[in-house]
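Chemist: In the numbering used here, the protein residues as written are 1 to 324.
Beta carbons: idealized from backbone N, C-alpha and C, even for Gly.
Mind having a look at this structure? Questions to follow.
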Amino acid sequence: MNRTLHLLLCALLAVSSNAYAQQKRIAVTMIVEVPQLLDVKRGLLEELSRLGYREGQNLAVDYSHAAGSFPTQQQIARKIVGDRPDVIVPVTTPSAITVVQAAKDSGIPVVFSVVTDPLRAKVVPSLHKPGGNASGVSDLAPIDRHLQLMKQMVPGAKRLGVLMNPSLPNTQTYLEMLKQQAPAAGLTVVESPAPQTTNVQAAALNLVGKADMMYIPNDTTVYAALEAAVKVAIDNKLPLFCGETRSVERGCAASISFDYYDVGVATARMVKQVFEGAKPGDLDVNVLKDSYGDKFQLWLNAKTATEMGLKVSDELRKRAAKVF
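Here it is, written out as structure tokens:
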């Protein structure tokens with residue numbers, strides 16, 4: 001009887017040890033919590049679960065955010081590297097910059113997400129098999145679609161005011177794209193910088209009388225205080241558009257974008273490859289804009305659009321995937 005009990009305990013220990021050995025650890029970090037980034041996290045973890053990596057079973061998840069502070073994100077990145085997870089997933093460009101820098105000599109795989117321009121941000125040297133320990137998903141927005149939408153909704157507009165934090169690499173990329181493409185749409189770009197979240201209201205007010213409509217590229221600094229910009233837009237009948245759709249729910253007049261849940265799904269699929277032995281440096285960066293096909297969605301906030309002085313057509317309402 002004792003021998004049987006001993007064998008049973010040994011078997012249980014073996015199973016337990018094997019399960020522990022198979023468990024994967026992932027560290028997810030983002031610069032700030034806003035709805036679209038939380039959608040990324042949800043898509044990441046739910047897709048990993050569908051792929052067989054379930055939190056609390058064979059997956060341990062360490063999640064953190066920096067409350068909009070770059071120095072805090074640097075501290076978080078160093079801590080994560082010291083904890084040596086199996087994969088680090090930094091979400092947003094500032095998070096990716098800090099993590100890639102902290103992990104560069106560690107050998108820890110990095111799969112970034114929501115990095116608009118990975119080359120400008122210097123998180124990879126190439127989009128094709130970048131080498132090193134990092135690759136991931138770019139959320140570069142379809143600027144051409146945004147310009148078409150804005151001109152359709154504000155046909156007489158000549159001046160496009162852009163609210164942004166000019167120190168962010170992704171914003172620099174969007175500004176270049178806007179300046180290249182806006183003239184063909186009959187628009188001149190008027191910049192209004194908001195280096196910090198507390199500057200967003202003043203930056204929006206600065207565009208009153210100088211722009212015919214406002215646009216926020218995918219800029220975490222401005223999105224963290226989006227409601228302040230929406231209030232200025234409504235108070236001054238100055239239409240406001242955004243670079244992604246979740247901000248439409250928060251008050252922007254309209255946007256065309258991919259679902260950020262899908263960004264998380266795409267990220268999870270790369271994480272799975274790394275879990276199963278792939279090196280990030282051998283994986284091409286997924287520029288989702290180029291692989292998303294016909295799944296782009298139009299979201300429309302008819303209520304705030306009307307309050308901003310826009311007339312929302314029935315055609316737009318029919319096209320929209322969501323109307324608020």
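1) If you draw a straight line from the alpha carbon of valine 111 to that of threonine 173, how long is it in whole angstroms?
2) For phenylalanine 241, name the three-state secondary structure that DSSP assigns.
3) Let me know the secondary structure DSSP gives methionine 177 once reduced to three states.
4) With a 10 Å radius around its C-beta and 16 neighbouring C-beta atoms as the bar for buried, classify glutamate 47 as buried or exposed.
5) Expressed to the nearest angstrom, what Euclidean distance is found between the alpha-carbon atoms of leucine 44 and glycine 209?
6) Report the rounded CA-to-CA distance for alanine 302 versus phenylalanine 324, giving the unit in angstroms.
7) Round the Cβ separation of threonine 29 and isoleucine 80 to the nearest angstrom and send it over; I've been treating them as touching at under 8 Å.
8) Taking 9 Å as the cut-off, decide whether the C-beta atoms of alanine 215 and histidine 146 are in contact.
9) Count Cβ pairs between the region 261–270 and the region 282–293 that sit closer than 8 Å; are there 3 or more?
10) Can you look up alanine 211 in the DSSP assignment and give me helix, strand or coil?
11) Using DSSP with H/G/I as helix, E/B as strand and the rest coil, what is proline 193?
12) Going by the CB atoms, is the gap between threonine 220 and proline 94 shorter than 9 Å?
13) Along the chain, where does the alpha helix (DSSP H) that runs through lysine 79 open and close?
14) With 16 as the cutoff for other CB atoms within 10 Å, does proline 183 come out buried or exposed?
15) Take every Cβ of the region 234–241, pair it with every Cβ of the region 302–317, and state whether three or more of those distances are shorter than 8 Å.
16) Around the Cβ of glutamine 73, are there at least 16 other Cβ atoms within 10 angstroms (buried) or fewer (exposed)?
17) The alpha helix (DSSP H) that contains tyrosine 260, what's its start and end?
18) Using a 10 Å radius around the Cβ and a threshold of 16 neighbouring Cβ atoms, would you call alanine 229 buried or exposed?
19) Since tyrosine 63 is in the alpha helix (DSSP H), which residue starts that stretch and which ends it?
20) Beta strand (DSSP E) containing methionine 150: first to last residue?
21) For glycine 277, count neighbouring Cβ atoms within 10 angstroms of its own Cβ and tell me buried if that reaches 16, exposed if not.
22) Would you call the CB atoms of proline 193 and alanine 185 closer than 9 Å?
23) Assess contact between the region 139–158 and the region 119–126, defined as three or more Cβ pairs (one per stretch) separated by less than 8 Å. Is contact present?
Modeler: A quick look at the data gives this:
1) 21 Å
2) strand
3) helix
4) buried
5) 42 Å
6) 6 Å
7) 6 Å
8) With the sequence shown as reference, residue 215 is identified as tyrosine, and alanine is not the correct amino acid for it. It is a contact, given that the beta carbons lie within the stated cut-off.
9) yes
10) strand
11) strand
12) yes
13) 70–83
14) exposed
15) yes
16) buried
17) 260–275
18) buried
19) Unbroken run through tyrosine 63 is the beta strand (DSSP E), 59–65; no alpha helix (DSSP H).
20) First-last for methionine 150: 143–153, but that is the alpha helix (DSSP H), not the beta strand (DSSP E).
21) exposed
22) no
23) no
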